[in-house]
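Novice: Next up is a structure, given as structure tokens.
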Amino acid sequence: MADLLFQPLKLGALELPNRLIMTTVKLGYGTKEGKVTERHIAFYVRRAEGGVGLITTEPLYIRTNGRELPTQLGIHEDQLTEGLRRLVDAVHAAGGRIMAHINHAGRAANPKLVPEGERVSASDVPCPANGVTPRPLSRAEIADYVAFFAAAAQRVKRAGFDAIEIPFSHGYLIHQFLSPHTNHRDDEYGGSLENRLRFGREVIAAVRRAVGGDFPIVVRMNAKDYVDGGLGIEDAIAIAQALEEMGVNALSVTSGTMCESVPYCLYPTGTPKANLLPMAARIRAAVSLPVAVAGRIRTPQIAREALAAGQSDLIGLGRSLIADPDWPRKAQSGDEEAILLCAACHQGCLAELRQGHGTSCMFNPLSGREWEIQITPTEHPKRVMVVGGGPGGMEAATIAAQRGHRVTLYERSDRLGGQFHLAAQVPYKEEFADIIRYQRVQMERAGVEERMNTTVTPEMVAAEDPDAVVLATGARPIVPPFPGLEKTRWMTAYDLLDGRTEVTTSTAFIVGAGTVGLETAEYLARRGVKSIV
Ligand SMILES: Cc1cc2nc3c(=O)[nH]c(=O)nc-3n(C[C@H](O)[C@H](O)[C@H](O)COP(=O)(O)O)c2cc1C
Ligand code: SF4
Numbered sequence: 000m001a002d003l004l005f006q007p008l009k010l011g012a013l014e015l016p017n018r019l020i021m022t023t024v025k026l027g028y029g030t031k032e033g034k035v036t037e038r039h040i041a042f043y044v045r046r047a048e049g050g051v052g053l054i055t056t057e058p059l060y061i062r063t064n065g066r067e068l069p070t071q072l073g074i075h076e077d078q079l080t081e082g083l084r085r086l087v088d089a090v091h092a093a094g095g096r097i098m099a100h101i102n103h104a105g106r107a108a109n110p111k112l113v114p115e116g117e118r119v120s121a122s123d124v125p126c127p128a129n130g131v132t133p134r135p136l137s138r139a140e141i142a143d144y145v146a147f148f149a150a151a152a153q154r155v156k157r158a159g160f161d162a163i164e165i166p167f168s169h170g171y172l173i174h175q176f177l178s179p180h181t182n183h184r185d186d187e188y189g190g191s192l193e194n195r196l197r198f199g200r201e202v203i204a205a206v207r208r209a210v211g212g213d214f215p216i217v218v219r220m221n222a223k224d225y226v227d228g229g230l231g232i233e234d235a236i237a238i239a240q241a242l243e244e245m246g247v248n249a250l251s252v253t254s255g256t257m258c259e260s261v262p263y264c265l266y267p268t269g270t271p272k273a274n275l276l277p278m279a280a281r282i283r284a285a286v287s288l289p290v291a292v293a294g295r296i297r298t299p300q301i302a303r304e305a306l307a308a309g310q311s312d313l314i315g316l317g318r319s320l321i322a323d324p325d326w327p328r329k330a331q332s333g334d335e336e337a338i339l340l341c342a343a344c345h346q347g348c349l350a351e352l353r354q355g356h357g358t359s360c361m362f363n364p365l366s367g368r369e370w371e372i373q374i375t376p377t378e379h380p381k382r383v384m385v386v387g388g389g390p391g392g393m394e395a396a397t398i399a400a401q402r403g404h405r406v407t408l409y410e411r412s413d414r415l416g417g418q419f420h421l422a423a424q425v426p427y428k429e430e431f432a433d434i435i436r437y438q439r440v441q442m443e444r445a446g447v448e449e450r451m452n453t454t455v456t457p458e459m460v461a462a463e464d465p466d467a468v469v470l471a472t473g474a475r476p477i478v479p480p481f482p483g484l485e486k487t488r489w490m491t492a493y494d495l496l497d498g499r500t501e502v503t504t505s506t507a508f509i510v511g512a513g514t515v516g517l518e519t520a521e522y523l524a525r526r527g528v529k530s531i532v
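For the sequence shown, the residue numbers in numbering that gives the first Met the number 0 are 0 to 532.
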């Protein structure tokens with residue numbers, strides 16, 4: 000039977016070879032002026048090589064006061080078009096297709112990250128996530144903002160992109176007009192849904208004029224805001240039907256707002272997997288446009304089931320492609336055990352982005368570093384001893400072996416995976432176990448020799464006489480010298496999560512309220528133990 004994931008689909012004039020779209024994800028690789036860098040190009044080219052049907056760029060800001068990061072890509076000036084064209088040409092040369100996502104964040108632009116620029120919106124409703132109280136746009140200014148979108152769309156066309164995406168989603172500027180929660184206007188841009196849609200409608204009309212009749216326009220829209228007084232699925236259906244009348248070519252379903260309900264935008268650990276599928280199905284049933292949907296559709300199986308059930312036409316992958324750019328090719332060839340499945344941890348992508356380092360992946364050291372690291376065969380094969388079979392040791396052993404070194408990995412215990420086993424015990428982090436499975440597969444395929452139940456000694460190293468020793472023995476917990484500790488029944492979180500000991504009392508006292516402390520409290524709560532952190 001034909002694989003539904005790999006059937007072609009037309010979006011306006013554009014033919015997609017398969018049903019997989021990379022959704023927009025902020026990368027933070029740009030210059031302060033919003034220019035494309037080699038890091039962007041290498042990142043997106045690698046995703047094109049991995050076989051995704053259509054790549055969506057990170058949001059390109061249409062005006063500097065709508066920028067979310069100091070290193071975000073801009074499309075607010077003509078001079079930025081040249082760099083964007085280089086990006087498009089590189090993706091095309093790699094056999095891919097690329098859609099520009101243009102945006103203005105309105106009140107959701109965080110002044111702690113980008114202090115410059117006045118925050119504007121439909122009304123002066125504060126954004127709880129960043130403390131901004133925006134200034135409502137006047138009617139004359141609304142026309143200016145429509146023109147900013149149109150000018151950006153002209154640059155999209157000039158740069159040679161294959162499609163354009165406009166967000167009516169996530170609590171960004173157009174959504175701030177759409178939602179009755181953020182739009183309290185009493186002019187023709189507020190009140191009824193028709194009025195709240197007016198700004199978005201004007202943007203779509205102006206963008207259509209700018210890009211021409213058959214150029215694909217995709218609208219990203221919320222199925223549900225998860226905000227009291229915000230938009231729900233019935234509103235979403237009405238908006239989808241209005242968008243079809245406006246002549247857009249496809250809809251891409253998401254949820255949440257960046258001011259009130261961030262987890263429903265970014266889907267961290269513990270949020271439901273693929274929860275938007277039933278709502279996407281309702282939207283799809285109400286229009287005759289292709290519908291995409293994203294949100295923790297992490298395995299090819301979930302994606303195929305969604306297509307087979309008629310819940311969507313296209314599958315949006317965000318973090319799955321940050322973690323493993325080859326997700327599509329591996330799914331197509333049936334090599335699914337080799338996919339590095341995203342664990343929704345946000346530790347490499349969102350956390351690194353917020354710290355100003357740019358998006359990467361906690362489990363894929365090459366992600367976001369494609370421009371500076373290539374795994375090339377060595378000209379001088381060496382004998383390498385890797386000491387420790389945790390995630391660091393397994394990764395080092397795999398990469399060394401992939402480069403052509405002869406690698407032996409030594410592990411003291413009888414299992415690989417080290418502290419990832421402990422992480423996988425914590426509620427909602429069970430998916431860490433998938434990473435261990437992935438690393439095992441990679442290591443075996445690279446030809447690493449394993450010596451389990453083996454403690455490496457200086458004598459052993461001297462006898463083996465390797466060219467290089469990689470120490471990857473992991474961290475050990477510190478036990479602070481609390482007075483009277485010896486009279487207490489204490490344990491480390493490591494011992495507890497590893498099953499070497501257990502809490503037999505009804506209450507536990509946890510010292511340290513970092514991630515490990517809080518996760519241990521959750522672990523104990525599942526076992527009926529109350530924690531004081
Ligand atoms: C680091 C990060 C940045 C993101 N930035 C945006 C953004 O700027 N605009 C947007 O519409 N979605 C953004 N998203 C949401 C993704 O496009 C996607 O909808 C979400 O991650 C759920 O899909 P996934 O589980 O496949 O990653 C971002 C997600 C992450 C993890
Ligand atoms: S860092 Fe975590 S959430 Fe982000 S892509 Fe990697 S596995 Fe997924």
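Think of the CB as a built atom: it goes at the ideal place given N, C-alpha and C, for glycine as much as any other residue.
Going by DSSP, what residues sit across from G73 in a beta bridge?
Specialist: Looking at the DSSP assignment, G73 forms a beta bridge with Y60.
Novice: Quick one: Cα of V425 to Cα of E521, how far?
Specialist: Between V425 and E521, the C-alpha separation is close to 7 Å.
Novice: Does the stretch 328-343 come close enough to the stretch 76-86 to have 3 or more Cβ pairs within less than 8 Å?
Specialist: The stretch 328-343, when compared against the stretch 76-86, does not touch it at the 8 Å Cβ threshold.
Novice: For ligand 1, is there any heavy atom lying closer than 7 Å to the beta carbon of V292?
Specialist: V292: no, Cβ never under 7 Å from ligand 1.
Novice: Which parts of the stretch 370-452 are runs of the beta strand (DSSP E), unbroken and 3 residues or longer, counting only runs that do not cross its ends?
Specialist: Fully enclosed beta strand (DSSP E) runs of 3 or longer: 382-386, 405-409, 448-450.
Novice: Report all residues from its chain with a CB closer than 8 Å to the CB of V210; omit the five preceding and five following residues, and keep chain order.
Specialist: Taken in chain order, the residues that qualify are A152, Q153, V155, K156, I163, I216.
Novice: Using the rule of at least 16 other Cβ atoms within 10 Å of the residue's Cβ for burial, across every protein chain shown, is S260 buried or exposed?
Specialist: Buried.
Novice: In the DSSP output, what is S254 paired with across the bridge?
Specialist: BP columns for S254 point to K223.
Novice: Assuming the contact rule is C-beta atoms closer than 8 Å, R297 and S319 should be a hit. Round their C-beta distance to whole Å, please.
Specialist: Rounded, the Cβ-Cβ distance is 6 Å, consistent with contact.
Novice: Check whether the Cβ of I321 sits closer than 7 Å to any heavy atom of ligand 2, and report yes or no.
Specialist: I321 Cβ: within cutoff of ligand 2.
Novice: Comparing the CB of I434 with every heavy atom of ligand 1, is any distance shorter than 7 Å?
Specialist: I434 Cβ: outside cutoff for every heavy atom of ligand 1.
Novice: Can you tell me whether A89 is helix, strand or coil according to DSSP?
Specialist: If DSSP states are grouped into helix, strand and coil, A89 belongs with the helices.
Novice: Quick check: does the Cβ of K111 come within less than 7 Å of any heavy atom belonging to ligand 1?
Specialist: Flag unset: Cβ of K111 not near ligand 1.
Novice: Does the beta-carbon of R414 have 16 or more other beta-carbons within 10 angstroms, so that it is buried, or is it exposed?
Specialist: Classification for R414: exposed.
Novice: Ligand 2 and A342: does the residue's C-beta get closer than 7 Å to at least one heavy atom of that ligand?
Specialist: Result yes, Cβ under 7 Å from ligand 2.
Novice: How would you call D466, buried or exposed, if buried means at least 16 neighbouring beta carbons within 10 angstroms?
Specialist: Burial call: exposed.
Novice: Quick test of the definition: if touching needs 3 or more C-beta pairs under 8 Å, does the stretch 397-414 touch the stretch 364-379?
Specialist: Yes, since at least three Cβ pairs between the stretch 397-414 and the stretch 364-379 fall closer than 8 Å, the two stretches touch.
Novice: Is Q346 close to ligand 2? I mean its beta-carbon at under 7 Å from any heavy atom of the ligand.
Specialist: Q346 Cβ: within cutoff of ligand 2.
Novice: Between the Cα of A146 and the Cα atoms of P324, E187, D185, R207, which residue gives the shortest distance?
Specialist: The option with the nearest alpha carbon to A146 is R207.
Novice: Please report the Cβ distance between V35 and G29, rounded to the nearest whole angstrom; I am assuming they are in contact, meaning their Cβ atoms lie under 8 Å.
Specialist: With a Cβ gap of about 7 Å, V35 and G29 count as contacting.
Novice: According to DSSP, is P277 part of a helix, a strand, or is it coil?
Specialist: It is helical.
Novice: Compute every distance between the C-beta of F147 and the non-hydrogen atoms of ligand 2, then say whether any falls below 7 Å.
Specialist: No, Cβ of F147 sits at least 7 Å from all heavy atoms of ligand 2.
Novice: Between A508 and the rest of its own chain, which residues show a CB-CB distance below 8 Å, the 5 nearest in sequence each way excluded?
Specialist: For the record, residue 508 in the displayed sequence is Phe; it is not Ala. Excluding residues within five positions, the ones whose Cβ falls inside 8 Å are S530, I531.
Novice: Does the beta-carbon of I74 have 16 or more other beta-carbons within 10 angstroms, so that it is buried, or is it exposed?
Specialist: Buried, because 16 or more other Cβ atoms sit within 10 Å of the Cβ of I74.
Novice: Does any residue of chain B have a CB that is nearer than 8 Å to the CB of S366?
Specialist: Going by chain labels, chain B is absent from the structure shown, which holds only one protein chain.
Novice: Taking 8 Å as the limit between beta carbons, can you name the residues of its chain near R450, skipping five residues before and five after?
Specialist: Hits under 8 Å: T407, L408, Y409, E410.
Novice: Are three or more beta carbon pairs between the stretch 321-332 and the stretch 251-271 nearer than 8 Å?
Specialist: Short answer: they don't touch.
Novice: Would R63 and G170 be called neighbours here (beta carbons separated by less than 8 Å)?
Specialist: Per the sequence shown, residue 63 should be read as Thr rather than Arg. Cβ atoms of T63 and G170: not closer than 8 Å.
Novice: Assign A533 to buried or exposed, taking buried as 16 or more other Cβ atoms, counted over all protein chains shown, within 10 Å of its Cβ.
Specialist: Outside the shown range of the chain (0 to 532) lies residue 533, about which nothing can therefore be said.
Novice: What does V292 pair with, by DSSP beta-bridge criteria?
Specialist: According to DSSP, which records beta bridges pairwise, V292 is partnered with V252, I314.
Novice: Just to confirm before moving on: does the CB-CB distance between I539 and S366 stay below 8 Å?
Specialist: Only positions 0 to 532 of the chain appear in the structure, and residue 539 is not among them; the question remains open.
Novice: Check whether the Cβ of R66 lies closer than 7 Å to any heavy atom of ligand 3, and answer yes or no.
Specialist: Absence of ligand 3 is noted for the structure shown, with ligand 1 and ligand 2 being the only ligands found.
Novice: Going by alpha carbons, who is nearest to L10 out of L288, Q175, D2?
Specialist: It is L288 whose Cα lies nearest to the Cα of L10.
Novice: If you follow the alpha helix (DSSP H) that V301 is part of, which residue opens it and which one closes it?
Specialist: Residue identity differs from the one stated: residue 301 is Ile in this sequence, not Val. Residues 299-307.
Novice: Going by alpha carbons, who is nearest to E243 out of D227, P277, G199?
Specialist: Cα-wise, what sits closest to E243 is G199.
Novice: Which residues bound the alpha helix (DSSP H) around A329?
Specialist: In the sequence on display, residue 329 carries Lys and not Ala. Counting along the chain, the alpha helix (DSSP H) containing K329 begins and ends at 326-332.
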